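Heads up: the structure comes next, in structure tokens.
2 protein chains.
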Amino acid sequence: MVRMVSVCAVLSDDELALLESMAHPAHFASGETLFTQGREAHSVYNVTAGVVRLYKLLSDGRRQVVGFALPGDFLGLAMRDAFGFSADAIGEVTACSFSRAAYTALVDAKPHLLKRLHEFATHELTLAHEQMMLLGRRSAEEKLICFLLGMQQRWARLGKSSVTVPLPMTRQDIADFLGLTIETVSRTFTRLAKDKTILIVPGGVRLMNPERMSAAAA
Amino acid sequence: MVRMVSVCAVLSDDELALLESMAHPAHFASGETLFTQGREAHSVYNVTAGVVRLYKLLSDGRRQVVGFALPGDFLGLAMRDAFGFSADAIGEVTACSFSRAAYTALVDAKPHLLKRLHEFATHELTLAHEQMMLLGRRSAEEKLICFLLGMQQRWARLGKSSVTVPLPMTRQDIADFLGLTIETVSRTFTRLAKDKTILIVPGGVRLMNPERMSAAAA
DNA sequence: CACAGGGATTGATCTAGATCAATGCGCCTG
DNA sequence: CAGGCGCATTGATCTAGATCAATCCCTGTG
Numbered sequence: 031m032v033r034m035v036s037v038c039a040v041l042s043d044d045e046l047a048l049l050e051s052m053a054h055p056a057h058f059a060s061g062e063t064l065f066t067q068g069r070e071a072h073s074v075y076n077v078t079a080g081v082v083r084l085y086k087l088l089s090d091g092r093r094q095v096v097g098f099a100l101p102g103d104f105l106g107l108a109m110r111d112a113f114g115f116s117a118d119a120i121g122e123v124t125a126c127s128f129s130r131a132a133y134t135a136l137v138d139a140k141p142h143l144l145k146r147l148h149e150f151a152t153h154e155l156t157l158a159h160e161q162m163m164l165l166g167r168r169s170a171e172e173k174l175i176c177f178l179l180g181m182q183q184r185w186a187r188l189g190k191s192s193v194t195v196p197l198p199m200t201r202q203d204i205a206d207f208l209g210l211t212i213e214t215v216s217r218t219f220t221r222l223a224k225d226k227t228i229l230i231v232p233g234g235v236r237l238m239n240p241e242r243m244s245a246a247a248a
Numbered sequence: 031m032v033r034m035v036s037v038c039a040v041l042s043d044d045e046l047a048l049l050e051s052m053a054h055p056a057h058f059a060s061g062e063t064l065f066t067q068g069r070e071a072h073s074v075y076n077v078t079a080g081v082v083r084l085y086k087l088l089s090d091g092r093r094q095v096v097g098f099a100l101p102g103d104f105l106g107l108a109m110r111d112a113f114g115f116s117a118d119a120i121g122e123v124t125a126c127s128f129s130r131a132a133y134t135a136l137v138d139a140k141p142h143l144l145k146r147l148h149e150f151a152t153h154e155l156t157l158a159h160e161q162m163m164l165l166g167r168r169s170a171e172e173k174l175i176c177f178l179l180g181m182q183q184r185w186a187r188l189g190k191s192s193v194t195v196p197l198p199m200t201r202q203d204i205a206d207f208l209g210l211t212i213e214t215v216s217r218t219f220t221r222l223a224k225d226k227t228i229l230i231v232p233g234g235v236r237l238m239n240p241e242r243m244s245a246a247a248a
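If you read the protein sequences in the order shown, they are chains A and B. Everything in the first sequence is counted per our numbering, starting at 31 for the first residue and increasing by one. Everything in the second sequence is counted per our numbering, starting at 31 for the first residue and increasing by one.
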């Protein structure tokens with residue numbers, strides 16, 4: 031149970047043991063689907079390794095990526111009867127899955143766990159509001175800079191290299207997250223690289239001038 | 031206590047009485063500020079009459095409206111130490127305010143209330159994801175249509191006229207909600223009116239062809 | 001090692017929506 | 001009732017980013 035720490039720090043040892051007994055470890059190959067928007071929500075997930083793309087589709091195929099789940103992240107908070115978005119693996123992913131019924135029962139029985147989940151949900155909501163600001167009012171360059179800074183912080187919080195930011199998702203994924211096209215994302219990357227603001231490396235990016243980037247994101 | 035029903039249907043009579051004793055009824059004139067982004071979060075609010083504009087500002091003045099609170103809506107869910115956005119009255123507003131300390135204590139003591147609030151928060155999160163799709167991937171006309179249909183549904187749920195949709199906010203507010211300029215909003219309104227899709231009336235809009243609108247929003 | 005296929009980049013051109021600029025239209029207020 | 005102020009509409013023009021169209025560059029594979 032690698033990274034349940036975040037949600038479960040409030041649980042006692044026996045409660046944790048109970049939770050662990052409920053968890054089904056699951057493995058997903060690159061590109062495999064964890065769950066699909068609109069389908070009945072049978073399970074909730076806690077990502078333990080890898081990165082998951084969360085997205086919504088319009089009937090004509092337009093896609094909006096609503097987030098990227100990193101190790102430790104919890105999927106299924108905003109779950110009612112059906113999943114509100116789809117999720118699939120970017121590279122290899124491992125996750126703990128819990129049946130929805132067991133999850134609901136546990137939450138009902140453990141108010142302090144519920145409180146923790148509520149804190150998570152309100153934090154997600156704050157992030158969603160920031161993403162609205164980004165999508166509605168920022169330029170392409172600002173969008174990309176905010177994205178890179180955000181990813182750096184999230185990886186840093188997980189103890190991963192904070193000089194080089196891993197970007198396992200495709201340019202198309204980034205474009206669909208930022209409300210841009212793949213071409214605009216690519217051009218903006220190269221412009222930032224020419225500026226010496228970033229250095230593009232295989233599998234990610236190195237931030238050469240975080241101060242300037244933070245100033246642009248202000 | 032006009033519309034606490036939504037949050038408080040789960041409370042017993044004496045719990046409700048306790049809650050009521052904690053509430054400070056507050057009145058706000060048109061344009062008055064309920065709270066400001068970044069300031070310490072002293073209170074939470076439940077809107078009882080009127081409409082509240084919720085928005086974030088960038089240092090250079092760009093604004094993103096993250097939502098409009100209608101009667102019955104709860105403000106302060108996504109509250110950590112500081113408010114994540116600003117809120118001010120569109121027209122006259124009345125609200126119940128609760129001190130944060132009292133609110134926190136009550137929530138800690140009443141798990142079923144917490145559960146209800148968590149459901150609210152996850153619903154808000156789902157709406158936020160839909161707004162991301164709208165901001166990132168929809169055209170100006172689709173944005174406006176989705177906005178009008180959404181407002182109609184919300185007013186309908188409050189028992190207000192569902193043929194004519196009240197729009198107490200300014201065109202600028204709508205533009206800042208949809209990630210557009212005021213001119214584009216205005217032009218799109220007139221185009222829809224020429225289409226006979228809507229009829230612009232003082233203080234709002236009448237939807238003349240909801241089927242066509244729903245099809246466009248699909 | 002050729003070569004195929006899935007990203008990514010780069011260039012040329014187009015356009016939805018932004019920006020700039022009047023004008024209109026209530027609705028107060030002196 | 002004249003003037004002014006705060007929205008809203010309308011028109012002309014501009015541009016950031018989309019779209020269309022080649023390459024390019026890995027990386028895996030026969």
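Using N, Cα and C, we set each Cβ at its ideal position, and we do this for glycine too. Since the model is a prediction, treat every value here as computed from it, not as a measurement.
Uninterrupted beta strand (DSSP E) stretches at least 3 residues long and entirely within the region 117-200 of chain A occur at 194-196, given in chain order. Under the 8 Å criterion on CB atoms, S89(B) is classed as interfacial with respect to chain A. Note on A158(B): 16 or more other CB atoms within 10 angstroms of its CB, so buried under the neighbour-count rule. Annotated three-state conformation of P240(A) is helix, per DSSP. By the beta-carbon neighbour count (other beta carbons within 10 angstroms, threshold 16), Q182(A) is buried. Restricting attention to T194(A), P55(A) and F128(A), the CA atom closest to the CA of G233(A) is found in T194(A). Here the region 133-141 of chain B makes no contact with the region 79-94 of chain B; the two share fewer than three CB pairs at distances below 8 Å. Setting aside the 5 residues that flank it on each side, L147(B) is surrounded in the same chain by V37, F104, L107 and V137, each with a C-beta closer than 8 Å to its C-beta; the list follows chain order. Per the Cβ contact rule, the region 93-102 of chain B is in contact with the region 159-167 of chain A (3 or more Cβ pairs under 8 Å).
Look at the region 136-147 of chain A: the residues with a C-beta under 7 Å from a C-beta of chain B are P141, L144, K145 and L147.
The beta carbon of G209(A) is closer than 7 Å to those of L165 in its chain, skipping five residues each way along the sequence.
Between T63(B) and D118(B) a beta carbon distance of about 5 Å is seen, short of the 8 Å cut, so the two are scored as contacting.
For K86(A), the enclosing beta strand (DSSP E) stretches over residues S73 to L87. The beta carbon of A151(A) is closer than 8 Å to those of L107 and A108 in its chain, skipping five residues each way along the sequence.
K173(B) sits buried, since 16 or more C-beta atoms from the chains shown fall within 10 Å of its C-beta. In terms of beta-carbon proximity, R92(A) lines the interface with chain B, with at least one pair separated by less than 8 Å.
Among the residues facing chain A, E154(B) is included, as its CB has a counterpart in that chain under 8 Å away. When only Cα atoms are considered, G102(B) and R184(B) end up about 11 Å apart. Sequence-distant Cβ neighbours of T214(B) in its own chain, meaning closer than 8 Å and more than five residues away, are A170 and A205.
In the three-state DSSP reduction, L210(A) falls in the coil class, being neither helix nor strand. A59(A) sits in coil when the DSSP states are folded into three classes, being neither helix nor strand.
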